[in-house]
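Below: the structure, in structure tokens.
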Amino acid sequence: MGHMATMDLHTAVALIGSTDTLAVPLGPGVPGGFMHALGERDDFANLVIFGALMPDLYGVFMKPGVHYRSGFFGPAERFLRDAGASIDYVPADFRRFEPVLEALAPRVMATAGAPPVDGWVSLSVHAGASVDELHRAAADPNRLVIVEVSEAFPRTFGVAPEHEHRIHVDNIDALIFTDKEPLNLADAPATDAELTIAHYALSFIRNGCTLQTGIGGIPNQIATFLATGDLGDFGIHSEMFTTGLMRLCQAGKVTNNKGSEFDGYSPTTFAAGTPELYTWLHENDTVRFLPVKIVNSPERIARNRDMVSINGALAVDLSGQVMADSINGVQFSGVGGHEDFVAGPGLNLAGRSLICLPATSVINSVTTSRILAQFPTGSIVSTPRHQVDVIITEFGIAELEGRTIRERARALANIGHPDFRDELLDRAERWPED
Numbered sequence: 001m002g003h004m005a006t007m008d009l010h011t012a013v014a015l016i017g018s019t020d021t022l023a024v025p026l027g028p029g030v031p032g033g034f035m036h037a038l039g040e041r042d043d044f045a046n047l048v049i050f051g052a053l054m055p056d057l058y059g060v061f062m063k064p065g066v067h068y069r070s071g072f073f074g075p076a077e078r079f080l081r082d083a084g085a086s087i088d089y090v091p092a093d094f095r096r097f098e099p100v101l102e103a104l105a106p107r108v109m110a111t112a113g114a115p116p117v118d119g120w121v122s123l124s125v126h127a128g129a130s131v132d133e134l135h136r137a138a139a140d141p142n143r144l145v146i147v148e149v150s151e152a153f154p155r156t157f158g159v160a161p162e163h164e165h166r167i168h169v170d171n172i173d174a175l176i177f178t179d180k181e182p183l184n185l186a187d188a189p190a191t192d193a194e195l196t197i198a199h200y201a202l203s204f205i206r207n208g209c210t211l212q213t214g215i216g217g218i219p220n221q222i223a224t225f226l227a228t229g230d231l232g233d234f235g236i237h238s239e240m241f242t243t244g245l246m247r248l249c250q251a252g253k254v255t256n257n258k259g260s261e262f263d264g265y266s267p268t269t270f271a272a273g274t275p276e277l278y279t280w281l282h283e284n285d286t287v288r289f290l291p292v293k294i295v296n297s298p299e300r301i302a303r304n305r306d307m308v309s310i311n312g313a314l315a316v317d318l319s320g321q322v323m324a325d326s327i328n329g330v331q332f333s334g335v336g337g338h339e340d341f342v343a344g345p346g347l348n349l350a351g352r353s354l355i356c357l358p359a360t361s362v363i364n365s366v367t368t369s370r371i372l373a374q375f376p377t378g379s380i381v382s383t384p385r386h387q388v389d390v391i392i393t394e395f396g397i398a399e400l401e402g403r404t405i406r407e408r409a410r411a412l413a414n415i416g417h418p419d420f421r422d423e424l425l426d427r428a429e430r431w432p433e434d
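The structure is reproduced here in structure tokens:
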């Protein structure tokens with residue numbers, strides 16, 4: 001570890017060996033200018049890059065000798081795979097990437113941050129699984145820490161003294177100033193089915209609930225409804241802080257009286273949304289960024305008053321197993337914190353976990369049911385049946401917790417699309433026999 005050197009992108013990129021290991025955080029924490037500049041080099045013999053949910057297409061991944069190991073696929077990863085890049089998925093949930101990264105100990109750790117103030121760089125919109133490894137790299141003279149800062153990245157806070165969510169400039173080997181902006185994750189307009197599902201989900205939410213919302217149209221719609229509705233006194237405890245959660249705060253609906261160690265603020269491990277979200281987060285201490293091992297701990301999630309988690313899925317079978325990250329065995333997204341936020345609320349009576357999905361999807365102009373009698377061979381379960389509480393489609397609510405195998409199968413069949421429901425009900429009555 002040397003003293004901080006301010007350098008341009010070209011000089012920073014030259015610090016990477018032709019054979020090297022580099023890790024960047026998930027999505028919004030990726031140092032975008034640095035990653036683009038890496039693509040200007042053609043001399044890589046074996047550069048292994050560890051990351052997840054790249055917010056942009058970086059040319060470096062198409063270069064010979066470059067290998068990308070991803071913990072979460074997004075549009076960029078799916079594009080790279082289809083374009084023939086050397087990319088592989090590493091299965092682990094978000095919390096397990098901390099020990100995975102520690103074991104890998106990449107020589108170079110690179111992240112995005114906010115411009116320094118009084119010698120400290122805020123880690124901005126991402127703590128995740130990489131924050132501890134960043135500090136370990138900073139303490140190791142044989143490793144490099146590269147931080148790209150931009151005025152567009154908000155200065156955010158952690159929880160002192162243990163998790164300050166910042167790094168001192170003396171611990172940074174290369175400090176790069178750019179004008180890069182954080183990932184712009186626009187709100188997709190909700191479909192009619194999603195609006196109906198959101199209304200069903202609202203029936204589980206009352207004054208004083210603590211909320212977690214995942215990514216997508218349904219959680220966003222629920223947050224929007226709550227922001228304009230009559231309920232309030234909410235708490236927030238969410239792996240991802242979204243534009244929808246910001247609207248809830250702006251509407252004066254969030255008091256964060258959760259009865260947990262995180263009273264008075266919203267713990268999160270990364271933020272992604274519109275530019276307005278990043279402006280709102282700047283120097284806003286009502287949101288605190290903590291390592292994923294803390295935010296996604298099911299025991300900690302369970303301690304929140306009346307916890308309600310809201311997440312999506314790709315498909316569910318009649319036993320209640322959930323497929324949320326792959327389709328026919330082909331990687332689509334990643335595990336993330338899905339299981340933690342399904343498991344946590346179920347550890348006490350007042351907590352509820354809602355998994356929301358449309359009853360059908362259209363694949364190659366054929367309408368298929370997302371509620372399946374059984375998953376096709378080769379399917380990969382992301383959340384096991386024994387942790388699942390509530391499944392919601394636009395055709396209703398299936399409450400599974402505490403139900404027998406056959407009761408679950410009936411409940412799930414009943415929220416299938418009418419075109420598939422009779423067949424599902426027939427299978428449910430014979431469940432678990434064929």
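Residue numbers (my numbering): 1 to 434.
Idealized CB from N, CA, C, for every residue including glycine.
Since this is a predicted model, take the numbers as computed values, not measurements.
- Taking 8 Å as the cut-off, the Cβ atoms of L290 and G158 count as close.
- In this structure, A114 sits near V121, with a CB-CB distance shorter than 8 Å.
- Unbroken alpha helix (DSSP H) stretches of 4 residues or longer found wholly inside the region 167-209: 192-202, given in chain order.
- H417 is bridged by DSSP to nothing; it lacks a bridge partner.
- Listed in chain order, the beta strand (DSSP E) elements of length 3 or more contained wholly in the region 299-379 are 307-312, 315-317, 352-356, 360-363 and 366-369.
- In this structure, DSSP gives D56 a state outside helix and strand, which the three-state scheme calls coil.
- The criterion of a C-beta distance shorter than 8 Å is not satisfied by M62 and A174.
- In the DSSP assignment, G217 falls within the alpha helix (DSSP H) that extends over G217 to T228.
- Every beta strand (DSSP E) stretch that sits fully inside the region 380-411 and reaches 3 residues is listed by chain position as 390-393 and 396-399.
- Bounds of the alpha helix (DSSP H) holding L277 are P275 to L281.
- The beta carbon of V388 sits closer than 7 Å to the beta carbons of G320, V322, V342, I355 and L400 from its chain, once the five residues preceding and following it are set aside; these are given in chain order.
- A Cβ-Cβ separation of about 11 Å leaves A411 out of contact with L424 under the 8 Å criterion.
- DSSP places R430 in the helix class (H, G or I) of the three-state scheme.
- Here the alpha carbon of D426 sits roughly 21 Å from the alpha carbon of T377.
- Contact between the region 293-305 and the region 248-256 is absent: fewer than three C-beta pairs spanning the two stretches fall below 8 Å.
- As the crow flies, the alpha-carbon of A137 is around 22 Å from that of V66.
- About 6 Å separates the CB atoms of S369 and H417; that is less than 8 Å, so the two are in contact.
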